[in-house]
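One structure below.
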Amino acid sequence: MTLVIDQTFINDYVDKTYQLFFELPWEPFELEQDSLSTDGTSEFRVFSELFLKKRITFSEDLAPIFSQLYKIELDKKVHKKLAVSLIVLLERLLHPILQSEWEGFCQQVYDAEINETDKNLQHIFLQEMSILGFKRLFKARPVLKNLVQRVLICWWQNTFSLFARLEMDYALLSSKMSLLGVPCRLIDIESGLSDSHQGMDSVKILWFSQTHAVVYKPRSLEAEERLYRFLDDLTVTGFSIEFQSLWILLREGYSWMEYCCPVEDLSEIDIVSHGRQYGALMALWLLLGGNDLHHENISVSLLGPVILDAETLFATDYEHYQTDSILKKNSWIKPSYEHYSVVSTSMLPTFIRLDEEDYRAVSGTLVYENLFQFNGVEELLVNQQVKWEQFKNATCEGLEDIFNYVLNDMGVSTFKSLVLQTFTGSAQRILVRDTLPYMKILEYLTQDYDSLSNREQFLKTIDSKLKILFNEFDFLENIRVNEIKQLAAFDIPYFYRVMGENSLYGNDLSVVLEPETDFCSIHGCLQQLDLEWIQWQVEISRLLLTPHQQLDNYRLSTATGNQLAHQEVCSLNKQIYINAFESQPLYQVRRMSLLVKKSLEYSDLLKFRSQQRIIESNQFSQNEFVGYGMYTGFMGRLTFLGALACLDDDEALRQFVQVKTQELLALFSLKNAMQLGRKRGISEGTPAILYGLHVLDQLNVFKMPISLAQDFFMFSLDDAIVMDPDFLTGFSGEITLLSCLYKYMPNKVLTAYKHCFIETANKYINSWEDLENETQVGLAHGALGVAFAAARLFEHTQDSNLCMIMKKLIAYEERLVNRLPEYTQNLSWCYGHAGRAITLYESGRILEDDSMIDHAMQLISLKRQPLNFKNHTLCCGSLGYVAANMYINKSTEDYQSKKCRNQYYNDFYHNWETRFKYESNNMDRFMDLSFFLGSSGAGYTMLYSMEPQNIPAIWAFE
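Note that the working numbering gives residue 320 to position 320 of the sequence shown, counting from 1, and the numbers run on in steps of one.
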């Protein structure tokens, strides 16, 4: 049978598309300012169209493909949709690149102090991009040019391939349509309905009438075909529920599937029957190790729910889900296991965001606005006054029906045999994502059986395990690697934004992702299916779906004014999901930042203004100045907020830090402020403020005032020789600061300070060797502080006297620690292993001495140290030890260290929550929020753990 398509379709569209790519002159693309919006979307659509407007050289291979498209005649609107799908693909690829260009352009405007409205700036930027910007981008980023060309080529190839396959299979498809009484005439095509896979192709829907369509998938639907067969066979064996399925036409490399049209009038649905089928499907999905079940992969027909996408069956790592608890297994996702995708099977898949519930997968429709809105089934429950209790009970019945049928009627061994008979030899696609909302229900269904008897204890157990779960970042590395592979095959183009342009893959784009893998997980899944394990599922299902009076009832306000109580699992999901989300480190840090920001707005700011008046009246003292440095004061908190603004890309917080930093610098402009207020050492006073400014400069939050630093060192030189060599409060700290700012200092200043330091250090070395007591131990106030400063200064001057001082003091410290056994167990930064390891590591790095580095790594090993002590501070507590570990191991950190650190962070945050809860009537507790003794340092350390390459390690004075 010949493919019949309306004659009015393609000519006009093809002509315009050809002109778009091949015939437009190289002229500026004129833009109307009124066409630009500030919603963050339209301008990037314009960017993508600009790329299309510019002629890009193509391979001659496109010519025959292009000519073939003339033979296909479709309605004009279909071509517009196909064109939109191309623009969307390019937009996903180009959006982050052009966003970066736009931000750079705005920064140049800002630096030049040009005053223009945002709308005018956008217009100027787009004009520049249309004239020179694209050429510049392509020249600077050859891979980007190849990507754009490859996207266009693949789009044409995939479009042509779709119609070629349609023409080849049209007879079979039309026979299916004829059975449904549908005319064999294609009237519409919907494209771009999925993530692009396998050469950037995606799912499409071909409409033959207003209600009947065929789904085109550019992959094999063998997994879905076998699943439907399995569901039919299960019914044949005697299971009481009849499942719904769709017809499938399998082809090599692609497939056709019956379209399941979402039900418009939900009142026609038997909600009880639907819920029972839904519960049974969820239970089977769990037993078959399924993943990735969400509203796009399951729809609803008049007779019940239908699974549309089963390619991730048997992808769950059941080796983890054994009798041992999740805590004993150490990790929820093994770093080496790459089969993990989104972890799903939400029995009642509730995605909770900003207190909105979406019972997705229950209905086939979902409205996306600013929030996830209520979908059809919930509307049904409201309008028809159907109690949610009915659906909940029916779902629970379906769950128990499957579990009991497999256990008692069919038998576990028979069930396994049917699974093997049906699925052996099939292929499953491996998805790699880190979509957190799908991690809930499987976690619920793998708890220790004994924990179910006490519901309150069960909730606490779930909460604590999820907190650990969400802090395990090891699996993200493998996720990132696999996503890069997918990007190379144009699976997910937007991941281009996080990678270096030319380091991702070669210009020939030779990396290929194999989207399917031999079926290999079925036996691992079936080994889990024993009687005890399935019995757990029955008990836990009852537990989750049974109302519990101690939980809050969440109610929904409807348009009619009625209120419906949601089922208690909604409350449970809300409570557990929010707890899990709030345990993520960045969320914890944001909460810390609120308190720290308040302390600067109220407590310290009041003291700051008072301090200005004291300085102006010539009554300033060193003790009063302690509130402005790095250790416990103003600047330490500003560096924490600056790091968060940098990592979180929070412009409002960045501006707050800039304003407060400028206010602090105004202090130095007052008469005699530096002379009267200067306190020595790097922990407080002027040196500490200068180091904080140096950190903010590295974070690109505030520009370092070099002249201020130069003035300080010039002014301080006269009395440097009489100073104490102490690191935190004396000369060694200032030498370390000088090393940080070495490139900005005049030679005479560097030479003078070097000689003063050598003289001071030797003087104190001679006096210390006669005493040998505990006051000389450690980095903060002992011999190691002087050694650290000597190492940093030696790095720049290569003066052998400094090298000798450094080695002598390290050996001296070793003798002291061996003679004072209490220090062999001290892990702190100030007096213990943390400071010792940092000094040895820096000295070894500078001297290229591997033995020193090895010794440092032994001292800082988290695997052999229980981090359970109560003092969670950078200076004297366990946090300093963790921070030192991260700094030393940031390029070679092993899995066990990450696991220990994440567990420690989880414990720390709970401790912090209790001890540092902010009270509006108590504004003087700034010590608790300080850097080295409080929460600012904790938050900064957590940020460093996320981006160690971009955030300076303050505890190592980078």
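We put the CB at the ideal spot given by N, CA and C, even for glycine.
message: For E795 and L840, I'd like the C-alpha separation in whole angstroms.
response: By 1-based counting over the sequence shown, the position of residue 795 is 795. By 1-based counting over the sequence shown, the position of residue 840 is 840. In a straight line, the C-alpha of E795 is about 14 Å away from that of L840.
Endpoints, the alpha helix (DSSP H) within which D697 is located: For the purposes of this step, residue 697 is taken as residue 697 along the sequence shown, with counting starting at 1. Counting along the chain, the alpha helix (DSSP H) containing D697 begins and ends at 685-698.
query: Among the residues of its own chain, which have a CB less than 6 Å from the CB of G304, if the five just before and after it don't count?
result: Mapped onto the sequence shown, residue 304 falls at position 304. If we look at G304 and ignore the five residues flanking it on each side, its Cβ neighbours are Q244, H274, Q277.
Close beta carbons around G937, own chain, < 6 Å, minus the five adjacent residues each side: Residue numbering aside, residue 937 sits at position 937 when the sequence shown is read from its first letter. Excluding residues within five positions, the ones whose Cβ falls inside 6 Å are L874, F931.
- prompt: Between A223 and S426, which are expected to be in contact by the criterion C-beta below 8 Å, what is the C-beta distance as a whole number of angstroms?
  reply: On the sequence shown, residue 223 is found 223 positions in, with the first residue counted as 1. On the sequence shown, residue 426 is found 426 positions in, with the first residue counted as 1. Their Cβ separation, rounded to whole angstroms, is 6 Å, which keeps A223 and S426 in contact under 8 Å.
- request: Return the CA-CA distance between Y831 and G633, expressed in angstroms with no decimal places.
  value: Your numbering for residue 831 matches position 831 in the sequence shown. Your numbering for residue 633 matches position 633 in the sequence shown. Answer to the nearest angstrom: the Cα atoms are 21 Å apart.
- request: Evaluate contact between the stretch 749-759 and the stretch 806-816, counting only Cβ atoms and requiring at least three cross-stretch pairs below 8 Å.
  value: no
message: Using CA atoms only, rank isn't needed, just tell me which of M168, D309, E684 is closest to R226.
response: Residue numbering aside, residue 226 sits at position 226 when the sequence shown is read from its first letter. The option with the nearest alpha carbon to R226 is D309.
Coarse secondary structure for R637, derived from DSSP in three states: Mapped onto the sequence shown, residue 637 falls at position 637. Of the three classes helix, strand and coil, the one that applies to R637 here is helix, per DSSP.
query: Any idea what DSSP makes of Y940, helix, strand or coil?
result: For the purposes of this step, residue 940 is taken as the residue at position 940 of the sequence shown. If DSSP states are grouped into helix, strand and coil, Y940 belongs with the helices.
query: Would F715 be called buried (16 or more neighbouring beta carbons within 10 Å of its own) or exposed?
result: What you label residue 715 is simply residue 715 of the sequence shown in a count that begins at 1. Answer is exposed; the Cβ neighbour count stays below 16.
query: So, is I846 buried or exposed, given that buried needs 16 or more other C-beta atoms within 10 angstroms?
result: If you number the sequence shown from 1, residue 846 lands on position 846. Here I846 is buried, its C-beta having at least 16 other C-beta atoms within 10 Å.
- prompt: Which residue comes first and which comes last in the beta strand (DSSP E) that contains R251?
  reply: Within the sequence shown, numbered from 1, the residue matching residue 251 stands at position 251. Its beta strand (DSSP E) spans residues 248-251.
- prompt: Does the count of Cβ pairs from the stretch 400-413 and the stretch 248-258 closer than 8 Å reach three?
  reply: no
- prompt: Cβ atoms of Y764 and A834: under 8 Å apart, would you say?
  reply: Residue 834 sits at position 834 when you count from the first residue of the sequence shown. Residue 764 sits at position 764 when you count from the first residue of the sequence shown. Not a contact, by the Cβ cut-off of 8 Å.
- prompt: Do L696 and T736 have their C-beta atoms within less than 8 Å of each other?
  reply: As a position in the sequence shown, residue 696 is number 696, starting the count at 1. As a position in the sequence shown, residue 736 is number 736, starting the count at 1. Going by C-beta atoms, L696 is not nearer than 8 Å to T736.
message: Closer than 8 Å is the cut-off here; do at least three beta carbon pairs connect the stretch 637-657 with the stretch 703-714?
response: With a cut-off of 8 Å on Cβ pairs, the stretch 637-657 is not in contact with the stretch 703-714, counting fewer than three such pairs.
query: Within this structure, are the beta carbons of I838 and A956 separated by less than 8 Å?
result: In the sequence shown, the residue the question calls residue 838 occupies position 838. In the sequence shown, the residue the question calls residue 956 occupies position 956. Yes, the Cβ-Cβ distance between I838 and A956 is below 8 Å.
- request: Have a look at R792 and S739 and give me their C-alpha separation to the nearest angstrom.
  value: Locating residue 792 in the sequence shown gives position 792, where the first residue counts as 1. Locating residue 739 in the sequence shown gives position 739, where the first residue counts as 1. C-alpha separation (whole angstroms): 6 Å.
query: Under three-state DSSP, which class holds L1002?
result: Residue 1002 is absent from the model: the chain starts at 1 and stops at 958.
Coarse secondary structure for L206, derived from DSSP in three states: Translated into the one-based positions of the sequence shown, residue 206 becomes position 206. Residue state, collapsed to three classes: strand.
- prompt: Do you know offhand how far L665's Cα is from P746's?
  reply: Stepping through the sequence shown from its first residue, residue 665 is reached at position 665. Stepping through the sequence shown from its first residue, residue 746 is reached at position 746. Distance between the alpha carbons of L665 and P746 is about 23 Å.
field: Residue interval of the alpha helix (DSSP H) (run including M857)
entry: Within the sequence shown, numbered from 1, the residue matching residue 857 stands at position 857. Its alpha helix (DSSP H) spans residues 850-859.
- prompt: By the 10 Å Cβ neighbour count, where 16 or more other Cβ atoms means buried, how is T240 classified, buried or exposed?
  reply: By 1-based counting over the sequence shown, the position of residue 240 is 240. Checking the sequence shown, residue 240 turns out to be Ser, not Thr. S240 comes out exposed.
query: With a CB to CB cut of under 6 Å and the five nearest residues on each side skipped, what residues in its chain are close to E60?
result: Numbered from its first residue, the sequence shown carries residue 60 at position 60. Low confidence applies here, because E60 scores a pLDDT of 35, under 50, leaving its location unreliable and the question unanswered by this model.
- prompt: For D850, which residues from the same chain have a beta carbon less than 8 Å from its beta carbon, with the 5 sequence-adjacent residues on both sides left out?
  reply: On the sequence shown, residue 850 is found 850 positions in, with the first residue counted as 1. Hits under 8 Å: G844.
- request: To the nearest angstrom, report how far apart D401 and N297 are at their CA atoms.
  value: One-based indexing of the sequence shown puts residue 401 at position 401. One-based indexing of the sequence shown puts residue 297 at position 297. Between D401 and N297, the C-alpha separation is close to 23 Å.
message: Once DSSP output is grouped into helix, strand and coil, what is the label at D201?
response: Taking the sequence shown and counting its residues from 1, one reaches residue 201 at position 201. In this structure, D201 counts as strand in the three-state DSSP scheme.
task: Using three-state DSSP, classify A280 as helix, strand or coil.
output: Here residue 280 corresponds to residue number 280 of the sequence shown, with the count starting at 1. Reduced to three states, the DSSP call for A280 is helix.
- request: Keeping to the same chain, check which residues put their C-beta closer than 6 Å to that of N158; ignore five residues upstream and five downstream.
  value: Locating residue 158 in the sequence shown gives position 158, counting from the first residue. Around N158: D201.
message: I need the DSSP call for E979, collapsed to helix, strand or coil.
response: In the structure as shown, the chain starts at 1 and stops at 958, and residue 979 therefore has no counterpart that could be examined.
query: Just how far apart, CA to CA, sit G238 and I307?
result: For the purposes of this step, residue 238 is taken as residue 238 along the sequence shown, with counting starting at 1. For the purposes of this step, residue 307 is taken as residue 307 along the sequence shown, with counting starting at 1. Those two C-alpha atoms are separated by around 21 Å.
task: Write down the C-beta distance between L816 and R836 rounded to the nearest angstrom, noting that I regard them as a contact closer than 8 Å.
output: Position 816 of the sequence shown holds residue 816. Position 836 of the sequence shown holds residue 836. Rounded, the Cβ-Cβ distance is 11 Å, inconsistent with contact.
Distance between beta carbons of T422 and R219, contact taken as under 8 Å: Numbered from its first residue, the sequence shown carries residue 219 at position 219. Numbered from its first residue, the sequence shown carries residue 422 at position 422. About 20 Å; that fails the 8 Å criterion.
message: Here's the rule I'm using: 16 or more other beta-carbon atoms within 10 Å means buried, otherwise exposed. How should T686 be labelled?
response: The residue given as residue 686 occupies position 686 in the sequence shown. Counting Cβ neighbours within 10 Å, T686 comes out buried, since at least 16 surround it.
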